[in-house]
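Asks: Okay, here's the structure, questions in a sec.
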Amino acid sequence: MLNKAHSFLKKATAVSMSAIMLSGLAFSVGAKAYDDIQAEYVYRDQIDLLSDIGVIKGTSENEFSPQDKVSREQMALLLYRLMMAGRNNAGTVNGTAFTDLYDPTYHGAITWANSNGYIFGTSASTFEPREGIMFQDALTMVVRALGHSTKAMENGYPWTFIDEGIKLGLDNGLEKVRYTQELTRGEVAALLYNALSSDYLITHNGSTVLEKSTIIEKIFGYSIKEARIVATNDYTVGDNTTIIKNGYVTLESGDGSKMTVPFDKLGLSGKAEDWLNRELRVIYTDKNDTIDIIGCTFRGKSVTAETVSFASDNSYVTINGVKYKVVEEKSDALSTNANELVVHRFGSSSALVPLKTVSELKSAMGFGTLTLIFDQANSETASAAILKNATFGQLDITKDKINLAGGLKASQLTGGYFNDVKAESGDYVLYYFNAGNKSLEILEVLEVSEKGLITKITQTSADIGGKSYNLGMANSGVPAADIYSALMSFGLGKEVRVVAKNGVILAVPGAEDAVRSDSTYLVALSQPIPVYTGGMLRYVMSANVDGTVQDIFVDATSVNVGKVYRFVKSADGVHSLIAMGSGAFTQSGELSHIAEGIASESEIKKDGNAYFSIGDKKFVTDKSSVILVNDGSGNFTFHKGEYAGILKANASSDVIAVMRDEVGAVDTLVYLYVSGGTLSDAEATGANVKILSLAGYEYAEGKYYTVYSVFNFATGEKTTLRSLYSDLTVGATYATDAEGRISNKLMSTTEGAVTGFTAATVTVGSQTFKLADTVAIKAISASGTLSDMDLDELFMKRVELIKTGSVVNAILVKGDIAFTASYDAGAGKVKITADTDISGMTAALRSATHNGAALDVSSLTVSVASPDIVIDSGAVAAGEYAIVFTLNGVAYGVTLTV
Numbered sequence: 001m002l003n004k005a006h007s008f009l010k011k012a013t014a015v016s017m018s019a020i021m022l023s024g025l026a027f028s029v030g031a032k033a034y035d036d037i038q039a040e041y042v043y044r045d046q047i048d049l050l051s052d053i054g055v056i057k058g059t060s061e062n063e064f065s066p067q068d069k070v071s072r073e074q075m076a077l078l079l080y081r082l083m084m085a086g087r088n089n090a091g092t093v094n095g096t097a098f099t100d101l102y103d104p105t106y107h108g109a110i111t112w113a114n115s116n117g118y119i120f121g122t123s124a125s126t127f128e129p130r131e132g133i134m135f136q137d138a139l140t141m142v143v144r145a146l147g148h149s150t151k152a153m154e155n156g157y158p159w160t161f162i163d164e165g166i167k168l169g170l171d172n173g174l175e176k177v178r179y180t181q182e183l184t185r186g187e188v189a190a191l192l193y194n195a196l197s198s199d200y201l202i203t204h205n206g207s208t209v210l211e212k213s214t215i216i217e218k219i220f221g222y223s224i225k226e227a228r229i230v231a232t233n234d235y236t237v238g239d240n241t242t243i244i245k246n247g248y249v250t251l252e253s254g255d256g257s258k259m260t261v262p263f264d265k266l267g268l269s270g271k272a273e274d275w276l277n278r279e280l281r282v283i284y285t286d287k288n289d290t291i292d293i294i295g296c297t298f299r300g301k302s303v304t305a306e307t308v309s310f311a312s313d314n315s316y317v318t319i320n321g322v323k324y325k326v327v328e329e330k331s332d333a334l335s336t337n338a339n340e341l342v343v344h345r346f347g348s349s350s351a352l353v354p355l356k357t358v359s360e361l362k363s364a365m366g367f368g369t370l371t372l373i374f375d376q377a378n379s380e381t382a383s384a385a386i387l388k389n390a391t392f393g394q395l396d397i398t399k400d401k402i403n404l405a406g407g408l409k410a411s412q413l414t415g416g417y418f419n420d421v422k423a424e425s426g427d428y429v430l431y432y433f434n435a436g437n438k439s440l441e442i443l444e445v446l447e448v449s450e451k452g453l454i455t456k457i458t459q460t461s462a463d464i465g466g467k468s469y470n471l472g473m474a475n476s477g478v479p480a481a482d483i484y485s486a487l488m489s490f491g492l493g494k495e496v497r498v499v500a501k502n503g504v505i506l507a508v509p510g511a512e513d514a515v516r517s518d519s520t521y522l523v524a525l526s527q528p529i530p531v532y533t534g535g536m537l538r539y540v541m542s543a544n545v546d547g548t549v550q551d552i553f554v555d556a557t558s559v560n561v562g563k564v565y566r567f568v569k570s571a572d573g574v575h576s577l578i579a580m581g582s583g584a585f586t587q588s589g590e591l592s593h594i595a596e597g598i599a600s601e602s603e604i605k606k607d608g609n610a611y612f613s614i615g616d617k618k619f620v621t622d623k624s625s626v627i628l629v630n631d632g633s634g635n636f637t638f639h640k641g642e643y644a645g646i647l648k649a650n651a652s653s654d655v656i657a658v659m660r661d662e663v664g665a666v667d668t669l670v671y672l673y674v675s676g677g678t679l680s681d682a683e684a685t686g687a688n689v690k691i692l693s694l695a696g697y698e699y700a701e702g703k704y705y706t707v708y709s710v711f712n713f714a715t716g717e718k719t720t721l722r723s724l725y726s727d728l729t730v731g732a733t734y735a736t737d738a739e740g741r742i743s744n745k746l747m748s749t750t751e752g753a754v755t756g757f758t759a760a761t762v763t764v765g766s767q768t769f770k771l772a773d774t775v776a777i778k779a780i781s782a783s784g785t786l787s788d789m790d791l792d793e794l795f796m797k798r799v800e801l802i803k804t805g806s807v808v809n810a811i812l813v814k815g816d817i818a819f820t821a822s823y824d825a826g827a828g829k830v831k832i833t834a835d836t837d838i839s840g841m842t843a844a845l846r847s848a849t850h851n852g853a854a855l856d857v858s859s860l861t862v863s864v865a866s867p868d869i870v871i872d873s874g875a876v877a878a879g880e881y882a883i884v885f886t887l888n889g890v891a892y893g894v895t896l897t898v
């Protein structure tokens, strides 16, 4: 069925000593705990590791004294332990010519370091053992011990050794320490920590053979392999799949071998996806076919792009002053002179999207973060980059629901809610939302400007308060037309505040009411005529606005009479007209249906009493919907609000509709105009109750009643009601009579999974139903306990709809869809069976494991035959399987034992 990914780690086991962080190895388990080393101490991980492997010790049983100075004699002993795999000391004999050595504890280590040429005296006979060790001298000692010193370098001391130490990464975490500064115990720990994975040169037979290794490999016996993080729980690079087990990542080496390990054991800071595609040096032991992960080092660096510009012909892009050519795969270093850059961007699903050319990068750029990845810390050119583009919006959190995340609550963002910038409800922000992973990251809070005078407005730019701005950023979700309309709602000579970034206006606070009134559409009834009023030349035309014929000021000198225009009304009463068919005719989040001169008479009516159909669009109405019908002779019928009648459109008439784009296949009508036709009346609705349990019996007013515990859809509450009928079915829904008693009239119900909704409808399976204005939505537990839910929480939930006619009065939420899995050996198929009808739904297989090992599922075919999801698996080996799949984009998991 599924092939295990080849792994250079035969078996992942518990970490034996340490994990890793940015500048080197980081301790994980078993280290000595010191009372004076707190979790936030900058060199805590370095001290933990070196203590664990015996290089460094505390000043007492429970103290490390990180701020104490390190003396020259102590530095010699620490270097000895580093180079001798933690051996405690080198003896007590002074084998040097130094006469000022006083403590035999250090004699052997000083002798060893001096005889190997790692440290010299302050004179022929003095060592000054108690003096502090300066950073430049400590660097020099380590560079010499790593085999990187030459006779020529000795002549340039200390700068030749400082330069070499920087190249080796020995100053990671010590960049702010002066070279003449005496080091503390914490700082020396950082230096020795960096040395563990730096290049270690060993000569054999004098200088005949040179071996390149590391201290961690050669001296401590660990193995090292270069690898990149290519998959996390939420994101992937290339053909990899996301990891099922929480907190794990997949590493891939240059030869294609892979291993899946806990991210926290790598000791890298931040989130796992922050390290995607970075080249790491993974450290592990391999004994008796068992791999123990020690950790990793990141020897490169990540830099945020400050400036990005593109060549006019898109032949190259200049980032932070360096020219790059964007490529899908890097060429052999000898076959090109270009600085090649492999670029990926975060998208709307788990897979990072490769950008293969400069043109593709330019098209994808908006506001957000372009992170350059350098394989070496001292490199001047990046090898890769990752783009996380940002969308602009105003954060609104109401009843814990976050508008930027599609109304999900923080607890529902299974991929994480990251708000390090501490944005609050009402703030204008740049953000990244991944609907597939249900993750939201607030990247930046943007401030509202001081008021400025509008002195110029064009379709793409404006001058406000003495500053020139561009309008909108399409790649960040803000069309220029929206900003233009917002500014025009104020007009020239008015003062406004704006929200802008890098000279681009993204919002005009205070313009929302003008830009998005209940109806922003009109029908032109005459050509504009010039009039001179208030010392100005203006144009006036006749129009039907919300069912009323009005003479209005417009910014146009000619129009198409009888056609629909979107308008924006400025503060001084001028209507800026936007013609239908233009890109700005519909606003953000809207779509249109335009049919001019229809061939024959047609009816626009409800399909199955649920929704209207017009062309290939399905829609419902709500309290804000506007319908305007001209009978063809200039007589208008106007309707605003919910509508349930029949609309007839005559042959050769125009039918213009604007709808709000909703979740699912059914949208909500904003504006509908028919240039020739008629409009009919609408229908009404009623109420009912659901029997929860038998509560008892009662004799009153000369009658025997059965008392039931019910859910009353009229009040939305659990209560008790009487009935003259003792045989009513628990769980069924009945109408009430004129006296408020439960009748025996059984009400219509529909059960299934919610596959879509609008503000006025809900779709279950393939059927769409209208919602009553006072629809009650309740989650009901097995014990009959009720709790409130919101409509936008129902997607892919199992529900029961309680209806009066075609109108839903109540929705009872029964929970998530449940699944079981089985294997049909004869057919070679795995079946995942739902506990509800899933006809018409779309399924996809995300990942699977067999006995905990990841499997390749990319070639498997998946289909839906309700209530089953069928996987053409072929023969399946015995064992435990964990399968992750999506149904209508929602992820589920199921286990299978074969």
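In our numbering, the protein residues as written are 1 to 898.
Glycine included, each C-beta is placed from N, C-alpha and C at the ideal position.
Please read these numbers as outputs of a predicted model, since none were measured by experiment.
1) Between the C-alpha atoms of Glu131 and Gln74, what's the straight-line distance to the nearest angstrom?
2) According to DSSP, simplified to helix, strand and coil, what is Val813?
3) Spatial neighbours of Thr232 within its chain, please: CB distance less than 6 Å, with the 5 preceding and 5 following residues excluded, ordered by chain position.
4) Output needed for Ala109: all residues of its chain with C-beta closer than 7 Å, excluding positions within five of it in sequence on either side, in chain order.
5) Since Ser350 and Thr236 should fall inside the 8 Å C-beta cutoff, what is the C-beta to C-beta distance between them, to a whole number of angstroms?
6) Is Ala462 closer than 8 Å to Ile442 when the C-beta atoms are compared?
7) Note down, in chain order, each residue of its chain lying with its Cβ closer than 6 Å to the Cβ of Asn851, except the 5 sequence neighbours on either side.
8) Measure the beta-carbon distance from Arg798 to Ile817 and round it to whole angstroms, keeping in mind my assumption that it falls under 8 Å.
9) Give the secondary structure of Glu512 by DSSP, where H, G and I count as helix, E and B as strand, and everything else as coil.
10) Would the beta-carbon of Pro354 fall within 8 Å of that of Gly186?
11) When the Cα atoms are used, what is the spatial distance from Glu800 to Asp622?
12) Please classify Asn240: is it buried, with 16 or more other beta-carbons within 10 angstroms of its beta-carbon, or exposed?
13) Determine contact between the segment 858-869 and the segment 829-843, defined as no fewer than three beta-carbon pairs at a distance below 8 Å.
14) Assess, as a yes-or-no matter, whether the segment 540-547 is touched by the segment 500-507 under the definition of 3 or more beta carbon pairs within less than 8 Å.
15) Straight-line CA distance for Val143 to Gln136?
16) Can you tell me the Cα-Cα spacing of Glu596 and Val655, whole angstroms?
17) Taking the alpha helix (DSSP H) that Gln394 belongs to, which residues open and close that run?
18) With Glu590 and Asp661 assumed to form a contact (beta carbons below 8 Å), what rounded beta-carbon distance in angstroms separates them?
19) Out of Ser822, Val629, Gly493, Lys617, state which residue places its alpha-carbon closest to the alpha-carbon of Val523.
20) Using CA atoms only, rank isn't needed, just tell me which of Ser781, Lys778, Glu751, Ile811 is closest to Leu771.
21) Could you pull out every unbroken beta strand (DSSP E) segment of at least 3 residues lying fully inside the segment 729-780, listed in chain order?
22) Hey, could you find the ends of the alpha helix (DSSP H) Asp35 is sitting in?
23) Whole angstroms is fine: what's the gap from Ser476's alpha carbon to Phe367's?
24) Note the first and the last residue of the continuous alpha helix (DSSP H) segment covering Ile215.
25) Between which residues of its own chain and Ile457 is the CB-CB distance below 6 Å, once the five residues before and five after are set aside?
26) Given 7 Å as the limit, tell me if Gly634 has its C-beta closer than that to any heavy atom belonging to the ligand NAP.
27) Which residues in the same chain as Ile215 place their Cβ atom closer than 8 Å to its Cβ, once the five residues preceding and following it in sequence are excluded?
28) Could you check where the alpha helix (DSSP H) with Thr111 kicks off and where it finishes?
29) Three-state secondary structure (DSSP) at Glu444?
30) By how many angstroms is the C-alpha of Ile283 removed from the C-alpha of Pro129?
31) For the alpha helix (DSSP H) containing Glu164, list its first residue and its last residue.
32) In whole angstroms, what separates the C-alpha of Asn116 from that of Met141?
33) First and last residue of the beta strand (DSSP E) that includes Phe418?
34) Pop quiz: Tyr697 and Val707 are said to be a contact at Cβ under 8 Å. What is the actual Cβ separation, rounded to whole angstroms?
35) Which word fits Gly752, buried or exposed, when buried means at least 16 other C-beta atoms lie within 10 angstroms of its C-beta?
36) Please report how far the alpha carbon of Leu413 lies from the alpha carbon of Leu404, in whole angstroms.
Replies: The relevant details are as follows:
1) 10 Å
2) Strand, per DSSP.
3) Val249, Ala272, Glu273
4) Only Ala76, Leu77, Tyr80, Asn89, Ala90 meet the Cβ criterion.
5) 6 Å
6) Between Ile442 and Ala462, the CB-CB gap reaches or exceeds 8 Å.
7) Gly879, Glu880
8) 6 Å
9) Legend: pLDDT at Glu512 = 45, less than 50; position of this residue unreliable, value from coordinates given subsequently. Note: Glu512 maps to helix in three-state DSSP.
10) no
11) 23 Å
12) So Asn240 ends up on the buried side.
13) With the cut-off at 8 Å, the segment 858-869 and the segment 829-843 touch.
14) no
15) 10 Å
16) 6 Å
17) That residue, Gln394, is in no alpha helix (DSSP H); its beta strand (DSSP E) goes 384-394.
18) About 6 Å; that satisfies the 8 Å criterion.
19) Val629
20) Ile811
21) List check, beta strand (DSSP E) in window: 733-736, 742-746, 748-757, 761-764, 767-780.
22) Note, Asp35: premise wrong, no alpha helix (DSSP H); not H, not E.
23) 6 Å
24) Membership of Ile215 in the alpha helix (DSSP H) is indicated by the continuous run 215-218.
25) Excluding the 5 residues flanking it on each side, Ile457 has same chain C-beta neighbours closer than 6 Å at Leu487, in chain order.
26) The ligand NAP is absent from the structure shown, which contains no ligand whatsoever.
27) Leu82, Met83, Leu146, Ala195, Leu196, Ser197, Ser198, Tyr200
28) 104-115
29) strand
30) 35 Å
31) Per DSSP, Glu164 is one residue of the alpha helix (DSSP H) stretching across 159-167.
32) Annotation: Asn116 to Met141 spans about 10 Å, alpha carbon to alpha carbon.
33) 416-418
34) 6 Å
35) buried
36) 11 Å
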